[in-house]
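Residue numbers (full-length UniProt numbering): 1 to 286.
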């Protein structure tokens, strides 16, 4: 069939496209075209369908033109790439802070502290509850006195301390990763410098609170005997002597954890001074 030019007022064309988008089928075209263009509308319509419907810019392909083509995945790929960039920036920010002291604290001291707690802490405190003895014939007395002796196990307390102290820095680096902020840019822009100093100050405050809680819960020395008040369990018991296993090793380990906390606080204070010095140097260079 020879192709025919479509001639008609603009209003007729708009009505044809509107009916096509609403019904989305060939039947809508057959009804719309004769109304818009006259009796030759159907012939013109068939010619348009055979040649690929040049007027159909927005409608999805129908069964007359083969299977539907898959949608483009460009947007999904772009989102995935952005997510990977966020993760990469967050990872690099946590491992490589903008200060030298911060890098030392993260890569060396933080790793030593976690290794010390994970390996040696389990070796020292792993079987403490089994070897803690008050009355060999009364297991409930042993459990009651051990819960009184250890309201929280040292491993759990120090693990919570490490996680809590890492939260301010992790939140800042997550924000920097989402904003695509380079590590050098943190010390160049005042607003980022202030936010980073606030995160370091929060770490200092959390370490001081952890130090106070540790001294309140565990003290500074582990004694070989613990005097347990078991009167709440049975009235026949008042004070029971309990044997604390490996008390000397626990004292050494406890002193080491106090030392780690103090060193972390000093490193955070030194990091703030480094930030201020580098910031002043950057301003002088300008």
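Don't be surprised by glycine CBs; every beta carbon is placed ideally from N, CA and C.
Under 8 Å between C-beta atoms of residue 141 and residue 225: no
Neighbourhood of residue 204 by C-beta distance below 8 Å, restricted to the same chain and skipping five residues each side: 265, 268 and 269
For residue 271 and residue 101, believed in contact at Cβ under 8 Å, the rounded distance: 4 Å
Neighbourhood of residue 89 by C-beta distance below 6 Å, restricted to the same chain and skipping five residues each side: In this predicted model, residue 89 has a pLDDT of only 49, less than 50, meaning its place in the structure is not dependable enough to derive any value.
Residue nearest to residue 227 in terms of C-alpha spacing, selected from 133, 105, 122 and 125: 133
Contact check, residue 275 vs residue 197, beta carbons under 8 Å: yes
Residue 271 in three-state terms, based on DSSP: helix
Coil, strand or helix - residue 240 by DSSP: strand
Burial state of residue 212 (16 or more Cβ within 10 Å): exposed
Nearest candidate by alpha-carbon position, reference residue 295, set 106, 130, 121 and 143: A question about residue 295 goes unanswered here, because the residues of the chain that appear run from 1 up to 286.
Beta-bridge pairing of residue 227 - partner residues as DSSP gives them: 241
For residue 133: DSSP bridge partner residues: 243
Where the alpha helix (DSSP H) through residue 142 begins and ends: 139-149
C-alpha distance - residue 131 paired with residue 243, whole-angstrom precision: 8 Å
Extent of the continuous alpha helix (DSSP H) run through residue 214: 190-218
Contacts around residue 147, its chain only, beta-carbon distance under 8 Å, and the 5 residues preceding and following it disregarded: none
Span of the alpha helix (DSSP H), counted from its first residue to its last, around residue 116: No alpha helix (DSSP H) contains residue 116, which DSSP labels as neither H nor E.
Three-state secondary structure (DSSP) of residue 166: helix
Cβ pair residue 251, residue 221 closer than 8 Å: yes
Beta-carbon proximity of residue 109 to residue 154, cut-off 8 Å: no
Of the residues 202, 188 and 112, the one placed nearest residue 171, counting alpha carbons only: 202
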